[in-house]
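Count along the sequence shown from 1, then add 3; that gives the number in this note's numbering. Beta carbons: idealized from backbone N, C-alpha and C, even for Gly. Quick caveat, the model's predicted, so the values are computed rather than measured. Here's the structure, in structure tokens; my notes come after.
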Amino acid sequence: MYETPVYLAGCDLCDKGHIRLAAYLREMQKAACLDLNNFDLTPELLHEMGIAFILSKTSLVVEKTNLPSAELTLKTYPRQTTGASFMRDFVFSQNGEVVARATTRWGILNLNTRRLVRPSELPRPIPGESELWVGFEPPRLAAAKSENAALLGCVTVPRCMTDANAHLNNAAYLDLCLNVDADLAFSEMHIEYRKEVKEGEQLAIYKSENDDGSYLLYGEKTETGELSFLVELHP
Numbered sequence: 004m005y006e007t008p009v010y011l012a013g014c015d016l017c018d019k020g021h022i023r024l025a026a027y028l029r030e031m032q033k034a035a036c037l038d039l040n041n042f043d044l045t046p047e048l049l050h051e052m053g054i055a056f057i058l059s060k061t062s063l064v065v066e067k068t069n070l071p072s073a074e075l076t077l078k079t080y081p082r083q084t085t086g087a088s089f090m091r092d093f094v095f096s097q098n099g100e101v102v103a104r105a106t107t108r109w110g111i112l113n114l115n116t117r118r119l120v121r122p123s124e125l126p127r128p129i130p131g132e133s134e135l136w137v138g139f140e141p142p143r144l145a146a147a148k149s150e151n152a153a154l155l156g157c158v159t160v161p162r163c164m165t166d167a168n169a170h171l172n173n174a175a176y177l178d179l180c181l182n183v184d185a186d187l188a189f190s191e192m193h194i195e196y197r198k199e200v201k202e203g204e205q206l207a208i209y210k211s212e213n214d215d216g217s218y219l220l221y222g223e224k225t226e227t228g229e230l231s232f233l234v235e236l237h238p
């Protein structure tokens, strides 16, 4: 378990003052990296070995959607590994009260073959927790775009949103597509990462609404039509 204080303010907030979902994701990303550093599993070391962690799914449930800027405590727990993927849980709290819960699913990619490899390829195992801390698993989202999906617009990946591999940062996908509804306080979010996007590539963002008030966002590469990611949001 790794614990760290986080303070969300300024650009981490929407116009109405509540915390952006992408701000939670950025803090989760930083905490996960710091925790892995404690096990000497830094991105630099893995890159030298020709492998890298890749994120495939993220689910986030916000318990207090109208929380203003505040100092929170973030705890993250890697789960015990039983297969080819890793699960990591996150809990944001304030004064002992849970503010948001999240979980993520990871894989290990061979950078040369672009194929997933098993955890045994790591130089050392990651100690994991056996308890399910967040109380839910990432759902499987329907990849087929709905017939009523409307095009919101096209966006080009800028350098400021990329990671060390010049790919769109996992936490920045939401920044690209949520400006349309930035003032909504979302209570639940699920995202699946299907195809990496590089700096300078263009994505077409589509939106379809569900009967229960939730909706789906799809990001397609404009050059190939490939699905890069899909997001399910619940206001």
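Taking the Cα positions, H170 is about 7 Å away from E199. Taken atom to atom, the span from the alpha-carbon of Y196 to that of S231 is near 6 Å.
Sorting L219, L114, L63 by C-alpha distance to the C-alpha of L28 places L63 at the top.
Beyond the five residues adjoining it in sequence on each side, C180 comes within less than 6 Å, by CB distance, of I208, L220 in the same chain, given in chain order. Setting aside the 5 residues that flank it on each side, I22 is surrounded in the same chain by L11, D15, L16, L70, each with a C-beta closer than 7 Å to its C-beta; the list follows chain order. Unbroken beta strand (DSSP E) stretches of 3 residues or longer found wholly inside the stretch 155-229: 191-196, 205-212, 218-224, given in chain order. Judged by DSSP in its simplified three-state form, D92 adopts strand.
Under the DSSP definition of a beta bridge, G110 partners with I57. In the structure shown, the three-state DSSP call for E30 is helix. Take E212, set aside five residues on each side of it, and the residues of its chain with a beta-carbon closer than 7 Å to its own are Y218, in chain order.
Taken through DSSP and simplified to helix, strand or coil, L144 comes out as coil.
For L49, the enclosing alpha helix (DSSP H) covers residues 46-51.
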